Amino acid sequence: MATFASSDAFNDARNGAPRISFVSLGCPKALVDSERIVTSLRSEGYELSRRHEGADLVIVNTCGFLDSAKAESLAAIGDALKENGKVIVTGCMGAEPEQIRAVHPGVLAVTGPQQYESVLAAVHQAVPPQHDPFVDLVPPQGIKLTPRHYAYLKISEGCNNRCTFCIIPKLRGDLVSRPAADVLREAEKLVAAGVKELLVISQDTSAYGVDTKYAPSLWKDGQGHEREVRTRFLDLARELGTLGAWVRLHYVYPYPHVDEVIGLMSDGVVLPYLDIPFQHASPSVLKRMKRPAAQEKTLARIQAWRAACPDLTLRSTFIVGFPGETEAEFQELIDFLDEAELDRVGCFKYEPVAGAPANELGAAIAEEVKQERWERFMAVQQRVSARRLKRKVGTRQQVIIDSVGPTVAVGRTKADAPEIDGVVHVASRRPLRVGEIATVKIERADAYDLHGMAVGF
Ligand code: SF4
Numbered sequence: 044m045a046t047f048a049s050s051d052a053f054n055d056a057r058n059g060a061p062r063i064s065f066v067s068l069g070c071p072k073a074l075v076d077s078e079r080i081v082t083s084l085r086s087e088g089y090e091l092s093r094r095h096e097g098a099d100l101v102i103v104n105t106c107g108f109l110d111s112a113k114a115e116s117l118a119a120i121g122d123a124l125k126e127n128g129k130v131i132v133t134g135c136m137g138a139e140p141e142q143i144r145a146v147h148p149g150v151l152a153v154t155g156p157q158q159y160e161s162v163l164a165a166v167h168q169a170v171p172p173q174h175d176p177f178v179d180l181v182p183p184q185g186i187k188l189t190p191r192h193y194a195y196l197k198i199s200e201g202c203n204n205r206c207t208f209c210i211i212p213k214l215r216g217d218l219v220s221r222p223a224a225d226v227l228r229e230a231e232k233l234v235a236a237g238v239k240e241l242l243v244i245s246q247d248t249s250a251y252g253v254d255t256k257y258a259p260s261l262w263k264d265g266q267g268h269e270r271e272v273r274t275r276f277l278d279l280a281r282e283l284g285t286l287g288a289w290v291r292l293h294y295v296y297p298y299p300h301v302d303e304v305i306g307l308m309s310d311g312v313v314l315p316y317l318d319i320p321f322q323h324a325s326p327s328v329l330k331r332m333k334r335p336a337a338q339e340k341t342l343a344r345i346q347a348w349r350a351a352c353p354d355l356t357l358r359s360t361f362i363v364g365f366p367g368e369t370e371a372e373f374q375e376l377i378d379f380l381d382e383a384e385l386d387r388v389g390c391f392k393y394e395p396v397a398g399a400p401a402n403e404l405g406a407a408i409a410e411e412v413k414q415e416r417w418e419r420f421m422a423v424q425q426r427v428s429a430r431r432l433k434r435k436v437g438t439r440q441q442v443i444i445d446s447v448g449p450t451v452a453v454g455r456t457k458a459d460a461p462e463i464d465g466v467v468h469v470a471s472r473r474p475l476r477v478g479e480i481a482t483v484k485i486e487r488a489d490a491y492d493l494h495g496m497a498v499g500f
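Under our numbering, the first residue of the sequence shown carries the number 44, and numbering increases by one thereafter.
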């Protein structure tokens, strides 16, 4: 759950402006939605409250992806109703308002994902804004819920794929890409405001622009040169790489044109990091999952990418216990894991999300079998991950500092995305600052994290 505790969005002083308490649940994409809503509210004169109690209204941005996320969302709405009483619900769960109203009939309004206008209209109705035309409450970069030195950059909404375990297209609709010039202007403002790392997100980053037939848009870069940029994954990545921040690409599918982006990574234009959710390795399971680009020869391509860019970090996620998954199919996944040597891996046990076609595709796997497969999977990956990390001992790495303590700071190398990957524990002779990029000599590695000493600032 994201709150605004680390952001610059609060104003605790009561000056008569209506105050909103905001709860943001779910993935980075939902966080970006929350930031947009908060930015609009602040520009209209609303203020944010740290607590539900005493606020004029609570907004809960829900996640409806898994049953466990739905339960968390319903509990958050219940808390807000108890502590405040005036509650507006938005986000993924808002696509099924009857589920929310069945449990919490007292909510004021329910709006779906990306329905910014509807959320604002509901807020206006419940607590009208205070008009102050002389005060610009919003810094030009908008309000960020992440720490100032990194920010998520959402390049599209929705998804054209129909993976059978996923209801996101049902909740969020088909792919709608933002024009490249819009994304670049937002990125430029973020960098000007001190952001050092841009995390590019969407449901399917490599499909960016397909819906617009890669339409060009006009962008004036920092030197005042105007040029056309196509709404296309490679073109956008190349331009983002000129802004002077780290650019990290998430949710990339292995379509053939991904090979071209590896060139930008080896040239240092964007970070040599690919977050590429494979979900499985058995061709029959991938077929039942209806994964995009599943037919590509993944192992051979990974080898080719690594040959072209030896520093490449590969992160992926997998699902074990998909309906009908046989022991032999699971073994294919384990063999792949052993051979592919992915650097960072997340693994989920299949959860039968209501409305997902996968539930009908094969016999449900017993919970104890899922658990046992998950444990075998993690044991293999832990060995791989530890082996990969050990290769970094003795090297010098650039590390972006996320937090500082009395004796050591914690940061990340180019190989680590915030919140999902490992960290580097950094000892330093001089105090480090959050957001600073230091050169660190790596002295030790454990299964997931690195330890080292700052040697350059
Ligand atoms: S690519 Fe598949 S898993 Fe990802 S959002 Fe689209 S349908 Fe869901």
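Positions of the beta carbon are idealized from the N, C-alpha and C atoms, including for glycine.
Fair warning: this is a prediction, and the values are worked out from it, not measured in the lab.
Delimiting residues of the alpha helix (DSSP H) encompassing residue i
i, result
"GLN414", "410-433"
"ALA165", "159-169"
"ASP302", "301-309"
"GLY287", "Segment: none, GLY287 is in no alpha helix (DSSP H) and carries neither H nor E."
"SER111", "110-126"
"VAL328", "326-332"
"LEU342", "341-351"
"GLU141", "140-146"
Closer than 7 Å: residue i CB and nearest the ligand SF4 heavy atom
i, result
"GLN505", "Past the boundaries of the shown model lies residue 505; the chain is included only from 44 to 500, so the question cannot be answered."
"ASN402", "no"
"PRO366", "no"
"CYS106", "no"
"PRO335", "yes"
"ARG144", "no"
"ILE211", "yes"
"CYS202", "yes"
"CYS206", "yes"
Identity of the residues DSSP links to residue i by a beta bridge
i, result
"LYS392", "VAL363"
"ARG487", "HIS494"
"ILE244", "LYS197"
"SER260", "VAL272"
"THR105", "GLY134"
"VAL453", "SER446, HIS468"
"THR207", "According to DSSP, THR207 bridges with nothing at all."
"ILE63", "LEU91, LEU100"
"ALA481", "VAL442"
"SER220", "SER199"
"ALA152", "ILE131"
"GLN322", "PHE361"
"ARG387", "ARG358"
"LEU376", "Answer by DSSP bridge pairing: none, since LEU376 is not bridged."
"GLY499", "THR482"
"LEU292", "VAL243, LEU317"
Extent of the continuous beta strand (DSSP E) run through residue i
i, result
"LYS213", "LYS213 -> not in any beta strand (DSSP E); alpha helix (DSSP H) instead, spanning 211-215."
"ARG572", "Because the chain spans 44 through 500 in this model, residue 572 falls outside it and cannot be assessed."
"LEU317", "316-318"
Closer than 7 Å: residue i CB and nearest the ligand FMN heavy atom
i, result
"ARG344", "With respect to small molecules bound, the structure shown includes the ligand SF4 and not the ligand FMN."
Interface flag, residue i vs chain C, CB-CB below 8 Å
i, result
"THR255", "Any reference to chain C falls outside this structure, which holds one protein chain only."
Check whether the stretch 269-289 and the stretch 254-261 are in contact - that is, three or more C-beta pairs closer than 8 Å. yes
Can we say the stretch 226-238 touches the stretch 416-426, given the rule of at least three CB pairs closer than 8 Å? no
Cβ pair count under 8 Å reaching 3, the stretch 90-100 against the stretch 60-79: yes
Contact the stretch 369-378 vs the stretch 393-402: 3+ CB pairs below 8 Å: no
If contact is defined by three or more beta carbon pairs under 8 Å, each pair taking one atom from either stretch, is the stretch 111-131 in contact with the stretch 145-160? yes
Inter-stretch contact (C-beta, 8 Å, three-pair minimum) for the stretch 407-416 and the stretch 375-395: yes
Would you be able to state if there are at least three C-beta pairs under 8 Å between the stretch 346-363 and the stretch 311-324? yes
Mind the definition here: the stretch 243-251 touches the stretch 289-306 only if three or more C-beta pairs lie below 8 Å; say whether that holds. yes
Touch check for the stretch 461-481 and the stretch 321-335: three-plus C-beta pairs under 8 Å? no
Whether or not the stretch 432-446 and the stretch 463-480 are in contact is what I'm after, with contact meaning three or more pairs of Cβ atoms, one per stretch, closer than 8 Å; do they touch? yes
Quick one: any contact between the stretch 108-128 and the stretch 68-75, if contact means 3 or more CB pairs under 8 Å? yes
Inter-stretch contact (C-beta, 8 Å, three-pair minimum) for the stretch 195-211 and the stretch 219-227: yes
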